[in-house]
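Chains as they are written, first to last, in our numbering: chain G, 15 to 310; chain Z, 2 to 435; chain A, 5 to 290. We treat Cβ as the ideally placed atom computed from N, Cα and C, and that holds for glycine. Remarks on the structure that follows.
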């Protein structure tokens, strides 16, 4: 099996800068820390304890809440972003007059820091003094009904994590839209011209031309927002700190709390578990999406 | 030389980061005076205090410059401080909690033993155990005042309804019933800042210690089951009882610390289980109302034994990694000097006694200060909080208290949860008996 | 007959599109502008007024006084932080785009074992949270701890996975025939990428540029760990500090948020036209 060796026109050296940065600043530290997940670690001293951290992690009382919330949060945020952003991007790529304005407005939240967004929305969502419930109350009053409005971030059930997910969508939909718009800009105009000559309606064009051709962008949005949702933590931390009680905890916030408590080995084990969970969900998804792309 | 070589390696590694940036770090400024770094929490009060203190110190010691930097409070600050110590990047001198939190930063390994410093003799003996490491070394200079853990209350409401300071929990609940009848919120709580929810449990330690002599030793050795002792369960039950009686403010889950103090100051609520230092915020935001506020111990079952649980001030530490030990020691010694207290009094009037013998107290003292001072001067009417007597302290207590207060858990389940939390912490710290 | 019917249909769609416009604007205003309105009015109030946290306009506009107070506070500390943040953001984004584009390109085009490994590593990096303490240890060894250069390297390293993934997927939309034509002309290796492909990546580079700018500029936890010290403070660090310092002074807190947001906002408004034109100009024909 002799193959003629030709020098590939694609230089492997293009990998180097990224590869070196990744190795030095990400890979080596990560491997070092993986080892520590098998230890009781004070950052300065460690004691090898085998898989004890993992068994301890699974005995965590609020782990079920954490798992449930992580999945809900990831599915909700990525699902809503994928759909909303697609429609927004279609709308913004069209020739309507308001698009410039809306496009700018849509990206503002992306530019605001998470802490800023967290502070602002926890004030707006205050069930007693917040503006959101004030509006709900007055609308209800208009129809002759009285209501206290939902408890948003302080409800003792699922509502806090859903509320935070909605804020996450508010903040992140601009990025998803941006990725879509860049994807749509890459669709050759001729396809639309050809299809409209064939008599396709705008609606048909959307389903038959835009959606298939915007797929690479859609895959990026799906993977990024899903992984982001599974790992998400900073907005949750800024808005509820996982509370009230433990009701809006996700895996990442449980890990973070263990880290701040000084349980470094345990927190590292938690990160390994989070990694495994995300991998189980994301790698098959990514492979599936990659295959579809190749077929296309 | 080493630095230069490292940076060259770094340049090679970064492939294309501009040389300007990489070499910028090589320029080490030459300095005549010794410079030491100091790190403390970030709050308006602490910033004002330390600015004034370092200015006064540098005036007295022109050969030393102190550079102050600030870290956030709360768990973020805890994590950062532990990271700094572990990576050898801590400031020369820094302030942090004493007690269980000091034990958690491994004082023997990370901190300079100050036992033989001349000023240690003047430290109030009540402070000593909470800054003593497992090796018997003494690691912190006290900074700031004592705080009482109990109940801030509105004196106007008490006068209007003709109420007496309750000496038992039963009396307290009876007062609450009357207050509620008068259309006022009996107990304010603020779960949006969940740390404030712990006071009923933590502030009950005077009563626990009175009922169970030698408690701390048994507790540290894992010989106590919280859910099985009436006195250790009491604090958890209080959270539940107050909820069941409907005494909390309606918006308790959305209320912040600052909001709760506003309710108290304006007389919308009568009691707020809190640290006495909460008065500082009222002084800042509602100066005319500060005189309406008083402070009482959290009552227990026995009217004859009524006293306050005391929180120790923060500690000022020297990190072992310091390169300017002499200057650092000089600075720490100055913080407990008479001049230092005069500066502190000028910036913020003290809200409790200092822990240095003979430290001058002056300024506009509040009623809360006087109440706390009386408890602490009295015989057998004050006792340190549990976290200053044991390294065992679970990090999840505040969330568990919120769960009980909001009815997600009952008192018994809460106490059991907290027991598990303690167990996990002690195992992670490698304490014996867990 | 047919013609008139067609005309009727056209004006009907036009009519509908106006309604789409109006609804779009109204919804956007409510959902996206109101929170900003809230931010602005509260940043303009006095401390007592801002404590109410409502939507009503301030009795007296103190916006500039409040911002001036925030900026001048703490020895004009915020100005230095502004400088640091701008340097950090500009350099990080620049290197991120250059480095990750190259990687995405070779990953997509050269389907071999290396690209499979790279693919795996990219997803891994998306998933695993960075290990703080070992990273500090590494930075200290290479002399980059507590330096802006080190912080830039960190931001690039942490942004790589995300940027490479997007670049890789978009390079999928560039027909291989373009490469082949260039290769025939003798353009290979780094030249192939930087001369031929990179210019075609303008829309996605801009996209990543915007996203990375927001991410780096708004990052506060990483500088907290890798770039400690007051002289190195970034703007987000000052905001984080103000959260505890201004716990009851909402007006100043919001003023600080506004001040910080102003930079990416102005950049965005300034570049908006170019972003849009860049996106469309870069689209690939056929």
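Residue i, DSSP secondary structure in three states
| i | result |
| --- | --- |
| residue 35 of chain Z | strand |
| residue 211 of chain A | helix |
| residue 47 of chain G | helix |
| residue 29 of chain G | helix |
| residue 276 of chain Z | strand |
| residue 15 of chain G | Its pLDDT being 44, under 50, residue 15 of chain G is placed unreliably by the model, and the measurement read from it follows with that caveat. Coil at residue 15 of chain G, not helix or strand. |
| residue 210 of chain G | helix |
| residue 441 of chain Z | Since the displayed chain Z opens at 2 and closes at 435, residue 441 of chain Z lies outside it and no answer follows. |
| residue 194 of chain A | helix |
| residue 432 of chain Z | coil |
| residue 35 of chain A | helix |
| residue 384 of chain Z | strand |
| residue 301 of chain Z | strand |
| residue 419 of chain Z | helix |
| residue 177 of chain A | coil |
| residue 24 of chain Z | Confidence at residue 24 of chain Z is low in this model, with a pLDDT of 40, below 50, so the placement of that residue is unreliable and no value is reported for it. |
| residue 161 of chain G | coil |
| residue 436 of chain Z | Absent from the structure is residue 436 of chain Z, since the part of chain Z shown begins at 2 and ends at 435. |
| residue 124 of chain Z | strand |
Cβ-heavy atom distance, residue i to the ligand HEM, below 8 Å
| i | result |
| --- | --- |
| residue 205 of chain G | Ligands displayed in this structure: none; no statement on the ligand HEM is therefore possible. |
Cross-chain neighbours of residue i in chain Z, by beta carbon under 7 Å
| i | result |
| --- | --- |
| residue 244 of chain A | 73 |
| residue 168 of chain G | 254, 255 |
| residue 314 of chain G | No information on residue 314 of chain G is available, as it lies outside the stretch 15 to 310 that chain G covers here. |
| residue 141 of chain A | 88 |
Extent of the continuous beta strand (DSSP E) to which residue i belongs
| i | result |
| --- | --- |
| residue 153 of chain Z | 148 to 155 |
| residue 295 of chain Z | 294 to 297 |
| residue 41 of chain A | It is not in any beta strand (DSSP E) - residue 41 of chain A instead sits in the alpha helix (DSSP H) that spans 38 to 47. |
| residue 67 of chain Z | 65 to 72 |
Under 9 Å by beta carbon: chain Z residues contacting residue i
| i | result |
| --- | --- |
| residue 61 of chain A | In chain order: nothing, as chain Z lies at least about 23 Å away. |
| residue 280 of chain G | 425, 429 |
Cross-chain neighbours of residue i in chain A, by beta carbon under 9 Å
| i | result |
| --- | --- |
| residue 294 of chain G | Result: empty, since nearest Cβ-Cβ is about 11 Å, beyond 9 Å. |
| residue 184 of chain G | 35, 36, 39 |
| residue 363 of chain Z | None at all; the shortest Cβ gap to chain A is about 26 Å. |
Contacts that residue i makes with chain G (C-beta to C-beta distance below 7 Å)
| i | result |
| --- | --- |
| residue 372 of chain Z | Correct list: empty, because the minimum Cβ distance to chain G is about 31 Å. |
| residue 110 of chain Z | 58 |
| residue 335 of chain Z | Within 7 Å Cβ-Cβ: nothing; residue 335 of chain Z doesn't reach chain G, min ~30 Å. |
Contact set between residue i and chain A, taken where Cβ atoms lie within less than 7 Å
| i | result |
| --- | --- |
| residue 70 of chain Z | 233, 234 |
Chain Z contact residues for residue i, given Cβ-Cβ distances below 8 Å
| i | result |
| --- | --- |
| residue 229 of chain A | 81, 84 |
| residue 134 of chain G | Chain Z residues near residue 134 of chain G: none, gap ~15 Å exceeds 8 Å. |
| residue 161 of chain G | Within 8 Å Cβ-Cβ: nothing; residue 161 of chain G doesn't reach chain Z, min ~15 Å. |
| residue 136 of chain A | 84 |
Within chain A, partners of residue i - CB distance below 8 Å
| i | result |
| --- | --- |
| residue 120 of chain G | 32, 36 |
| residue 192 of chain G | 211, 214, 215 |
| residue 100 of chain G | Those do not exist, as residue 100 of chain G stays about 15 Å from chain A at its closest Cβ, beyond 8 Å. |
Where the alpha helix (DSSP H) through residue i begins and ends
| i | result |
| --- | --- |
| residue 53 of chain G | Counting along the chain, residue 53 of chain G falls outside any alpha helix (DSSP H), though it belongs to the beta strand (DSSP E) covering 53 to 55. |
| residue 216 of chain G | 216 to 219 |
| residue 118 of chain G | 113 to 125 |
| residue 62 of chain G | Taken as a continuous stretch (DSSP letters only), residue 62 of chain G belongs to no alpha helix (DSSP H), being part of the beta strand (DSSP E) at 60 to 62. |
| residue 366 of chain Z | That residue, residue 366 of chain Z, is in no alpha helix (DSSP H); it is neither H nor E in DSSP. |
| residue 54 of chain A | 51 to 54 |
| residue 184 of chain G | 173 to 199 |
| residue 230 of chain G | 229 to 245 |
| residue 115 of chain Z | No alpha helix (DSSP H) holds residue 115 of chain Z; DSSP gives it neither H nor E. |
| residue 132 of chain G | 128 to 138 |
| residue 330 of chain Z | 326 to 336 |
Bridge-paired residues (DSSP) for residue i
| i | result |
| --- | --- |
| residue 95 of chain Z | Z/40, Z/318 |
| residue 143 of chain Z | Z/316 |
| residue 188 of chain Z | Z/249, Z/272 |
| residue 133 of chain Z | Z/139 |
| residue 310 of chain Z | Z/150, Z/384 |
Where residue i meets chain G, residues with beta-carbon distance less than 9 Å
| i | result |
| --- | --- |
| residue 195 of chain Z | 255, 257, 258, 259 |
request  = Could you pull out every unbroken alpha helix (DSSP H) segment of at least 4 residues lying fully inside the stretch 179 to 246 of chain Z, listed in chain order?
outcome  = 200 to 203, 206 to 212, 216 to 221, 231 to 245
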